[in-house]
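In the working numbering, the protein residues as written are 57 to 221.
The C-beta atom is built at its ideal place from N, Cα and C for all residues, glycine as well.
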């Protein structure tokens, strides 16, 4: 089993069916993953033990997959971000995700539909570093690269306040 993949607890939530309280808890944690159980309970109008149990069930169900600090790449020496699309050569499909896991500058890699099969986001110390990263992938297919200029809509979680279908 790949590293970081969790098995769902058979007695946990069905992630497709979340009530309004669970959605409120998720929304609060999405805004601030460092909330204490007591603060979270106050915000959603429940007791701390009830909130703790619900959060644990959401974790076991795989609805909550982790807690992370959001770090500005520029602040830690990675001022260049790029998006790379890759169209693997015949027989090279598996090499792309394998290589992506080995290259630390690849911070996200997605399997996508369309002419290209993969979309990656890179964080780089300089534009000069881009060539070396791309050189790791070009033996396995064609790359198309775009430098990220800005993020008018930065990464965010799903819109939990939309009506449930």
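Tell me whether residue i is buried or exposed, calling it buried when 16 or more other Cβ atoms sit within 10 Å of its Cβ.
i           : result
residue 161 : buried
residue 155 : buried
residue 124 : exposed
residue 110 : buried
residue 97  : buried
residue 197 : buried
residue 137 : buried
residue 189 : buried
residue 59  : Annotation note: pLDDT 49 at residue 59 (below 50); position unreliable, coordinate value reported separately. Per the 10 Å Cβ criterion, exposed.
Given residue i, which residues of its chain have a CB within under 8 angstroms of its CB, disregarding the five upstream and five downstream residues?
i           : result
residue 100 : 77, 80, 81, 84 and 107
residue 167 : 153, 173 and 174
residue 120 : 82, 85, 111 and 114
residue 149 : 173
Measuring only the C-alpha atoms, how far is residue i from residue j?
i           : j           : result
residue 74  : residue 207 : 30 angstroms
residue 147 : residue 185 : 27 angstroms
residue 90  : residue 145 : 44 angstroms
residue 103 : residue 92  : 12 angstroms
residue 217 : residue 127 : 26 angstroms
residue 129 : residue 220 : 35 angstroms
residue 211 : residue 122 : 16 angstroms
residue 95  : residue 215 : 22 angstroms
residue 209 : residue 169 : 22 angstroms
Comparing the C-beta of residue i with each C-beta of chain D, is any distance below 8 angstroms?
i           : result
residue 118 : In the structure shown, chain D cannot be found, because there is only a single protein chain.
Any heavy atom of the ligand HEM inside 7 angstroms of the beta-carbon of residue i?
i           : result
residue 137 : Among the components modelled here there is no ligand, and therefore nothing to report on the ligand HEM.
Between residue i and the rest of its own chain, which residues show a CB-CB distance below 6 angstroms, the 5 nearest in sequence each way excluded?
i           : result
residue 200 : 141
residue 213 : 86
Compute the beta-carbon to beta-carbon distance between residue i and residue j, rounded to the nearest angstrom, for a pair I have assumed lies under 8 angstroms.
i           : j           : result
residue 134 : residue 179 : 4 angstroms
residue 177 : residue 163 : 5 angstroms
Given residue i, which residues of its chain have a CB within under 7 angstroms of its CB, disregarding the five upstream and five downstream residues?
i           : result
residue 204 : 137, 138 and 139
residue 143 : 171, 172, 173, 197 and 198
Inside the segment 137-176 only - beta strand (DSSP E) runs reaching at least 3 residues: The segment 137-176 contains these whole beta strand (DSSP E) runs: 162-167.
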